[in-house]
Structure formats: structure tokens, C-alpha cells
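All remarks here apply to the structure that follows.
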Amino acid sequence: MEPVYVLDTSALIFRSIPEGRKVTITEVYDELEGELSKLFFEKSSIKVLYSDEESIEKVRDAAKGTGDDMKLSETDVKLLALANQIKEEGKDVKIVSDDYSIQNVANKLNLEFEGIMQEEIGKEFRWIKKCVGCYREFNSDEYDMCPICGSGLQNRVIRQKDIIDD
Ligand SMILES: [Zn+2]
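Residue numbers for the sequence shown follow the working numbering, so the first one is 160 and each next one is one higher.
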């Protein structure tokens with residue numbers, strides 16, 4: 160049986176997109192805002208789905224077990240949760256991600272995964288955090304909350320050439 164591929168943000172940036180059924184979560188779609196068009200998702204027939212609470216809890220428990228709970232982002236947890244849901248529906252599923260913590264927790268949950276080439280992505284793209292309140296941008300991992308207005312930060316992917324160092 161052909162697996163359902165669950166794509167993380169990196170897989171989509173690098174367009175490491177396998178043939179067959181492909182899904183991702185709304186949070187990944189949001190992180191890619193501005194980089195990949197809605198049309199790209201439609202053309203590539205990637206379904207954007209939600210993960211359910213029960214599955215999210217299961218992933219959190221597994222992540223605590225492997226010590227990855229602090230390393231996984233909300234998006235990572237929800238991506239794993241979606242993969243877990245699909246598996247529980249009795250389908251074959253494969254996560255496409257290079258993230259070590261995602262792979263680790265996937266292993267724990269008996270979910271299959273395959274990697275992509277992270278080094279290649281780094282040449283062209285990088286992660287930043289964008290404030291949901293004032294929309295200021297910060298280097299990834301620099302802050303957990305906006306130091307200007309105190310709002311939450313969301314992960315975003317941007318092209319290297321668009322970065323203006325301050
Ligand atoms: Zn702010």
C-alpha cells in the first residue's frame with residue numbers, strides 16, 4: 160500500500176515532494192505564508208488538515224518519554240499528531256522531515272519517516288520568528304516572546320536574500 164506522506168515545512172521549502180497522497184497541517188501552511196502560494200499546494204495536490212486533541216496528547220506523552228518535549232515546536236507536535244491519526248485510521252504513513260526530534264518521537268510512536276537534505280535548504284532559506292502582535296521579526300531562537308510588545312512569536316521561513324541584518 161502506498162503511504163500517505165506527511166510533509167513538514169522543510170520538505171515543502173525544498174519541494175522534496177514525493178509522488179502519491181500528501182498531507183500537511185494548517186500550521187505548516189501558515190509558516191510558509193508568502194513563500195509558497197496556495198496555488199502551489201493545489202497544484203501539488205497537498206491536503207491541509209487539522210490534527211485532533213487526542214492525538215496531540217499522545218504525541219506530547221511520547222515526546223516527554225524521549226526527552227524531546229522541549230525541542231518540539233507546536234507545529235512539530237501537530238504534524239506528528241496528524242501522522243499518528245492517519246496511522247490509527249489503518250493507513251500507511253510516512254513523515255517527511257529532517258528534524259531529529261521529530262524523527263525521534265516518530266520512532267517512539269512507530270511512525271515511519273524519511274529525511275530530506277537540510278544543508279541544501281540552509282543555503283536558500285532560514286527561520287525567523289515573527290511577532291503576532293507588532294509583526295516585528297527576530298532571529299530564530301533569539302526570543303520566546305516579543306521583547307517589544309510581549310506578544311507570542313510564530314515561526315516563519317524566509318529567503319536568505321530577503322534578510323536585512325540590523
Ligand atoms: Zn511584538
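Note that the Cβ used here is the ideal one computed from N, Cα and C, for glycine as well.
Cross-strand partners of residue i (DSSP beta bridge)
i, result
"Cys-290", "Leu-312"
"Met-160", "For Met-160, which the question treats as bridged, DSSP gives no partner whatsoever."
"Thr-183", "Val-207"
"Arg-285", "Ile-317"
"Leu-166", "Val-255"
"Met-229", "Met-229 is not bridged to any residue."
"Glu-296", "Lys-289"
"Glu-273", "Val-255"
CA nearest to the CA of residue i, picked from the options
i, options, result
"Tyr-332", "Asp-220, Ala-222, Asp-235", "The displayed coordinates of the chain run from 160 to 325. Any statement about residue 332 would go beyond what the structure contains."
"Pro-162", "Tyr-188, Cys-293, Gly-249", "Gly-249"
"Leu-231", "Tyr-302, Lys-181, Glu-271, Ala-265", "Ala-265"
"Ser-169", "Met-229, Tyr-294, Met-304, Ile-254", "Ile-254"
"Glu-247", "Thr-185, Asp-257, Leu-270", "Leu-270"
"Ile-176", "Asp-220, Glu-273, Glu-296", "Glu-273"
"Tyr-294", "Asp-251, Cys-308, Glu-301", "Cys-308"
"Glu-216", "Lys-237, Asp-167, Lys-206, Val-182", "Lys-237"
"Ile-205", "Tyr-188, Asp-300, Ser-214, Arg-318", "Tyr-188"
"Lys-223", "Ser-299, Gly-311, Leu-268, Cys-305", "Leu-268"
"Thr-183", "Gly-292, Ser-256, Gln-313, Asn-314", "Ser-256"
"Glu-213", "Leu-191, Glu-233, Gln-244", "Gln-244"
"Asp-251", "Arg-180, Asp-167, Leu-171, Arg-174", "Arg-180"
"Thr-225", "Tyr-259, Leu-191, Asn-263", "Asn-263"
"Gly-193", "Leu-171, Asp-211, Glu-178", "Leu-171"
Whole-angstrom C-beta distance between residue j and residue i, which should lie under 8 angstroms
i, j, result
"Ile-261", "Leu-239", "6 angstroms"
"Val-165", "Leu-241", "6 angstroms"
"Asp-167", "Asp-303", "Incorrect: roughly 21 angstroms between the Cβ atoms, too far for contact."
"Glu-233", "Glu-186", "7 angstroms"
"Arg-219", "Asp-228", "7 angstroms"
"Glu-190", "Asn-314", "5 angstroms"
Heavy atom of ligand 3 within 7 angstroms of residue i beta-carbon
i, result
"Asp-258", "Only ligand 1 can be found as ligands here, which leaves ligand 3 out of the picture."
C-beta neighbour in chain B for residue i, strict 8 angstroms
i, result
"Met-304", "Absent here is chain B; the protein component of the structure consists of one chain."
The region 286-302 / the region 199-209 touching (three or more Cβ pairs under 8 angstroms) = no
Ligand 1: which residues have Cβ under 6 angstroms from any of its heavy atoms, chain order?
-> Cys-290, Gly-292, Cys-293, Arg-295, Cys-305, Ile-307, Cys-308, Ser-310
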